[in-house]
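To keep things clear, I will list the structure first and then write my remarks on it.
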Amino acid sequence: MAEKLNGDDRAAALSALPDWSAVEGRDAIFRRFKFKTFNEAWGFMSRVALRAEQMDHHPEWFNVYSTVEVTLTTHDCGGLSIKDIELAKFIETATG
């Protein structure tokens, strides 16, 4: 089971993800992605889904046409873990 990030470890991990924001009322991070077309959004989701499956760590997400909203948290530990940080870093590279 993953351990919840706290203190300096949490601050350092989040500093590497400036485009992600805290989710009010939850120990989670969020980011909205906007693509030119539905096809681009779907391709992005496919790339993320393949990596998430490899990691056995799956995002909460919502898609409408060219917009994808992603929320990351680790349910096993009740909050943000290194798994979320690693997946968020991958997601940053999957947009192109």
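Okay, so the sequence shown: first residue is 1184 according to this note's numbering, each after it adds one. Beta carbons are placed, not taken as given, at the ideal position from N, Cα and C, and that holds for glycine.
Query	Result
In terms of residues, what are the limits of the alpha helix (DSSP H) holding T1276?	I1265 to T1276
Would you say K1266 and H1240 are within 7 Å of each other, going by their C-beta atoms?	yes
With burial defined as no fewer than 16 other Cβ atoms inside 10 Å of the residue's Cβ, what is the status of V1247: buried or exposed?	exposed
Round the Cβ separation of T1254 and A1211 to the nearest angstrom and send it over; I've been treating them as touching at under 8 Å.	5 Å
For S1249, which residues of its own chain have a beta-carbon under 8 Å away from its beta-carbon, when the five flanking residues on both sides are left out?	K1217, F1218, K1219, T1220, F1221, E1223 and A1224
Look at the alpha carbon of M1184 and the alpha carbon of A1235, and state the distance between them as a whole number of angstroms.	16 Å
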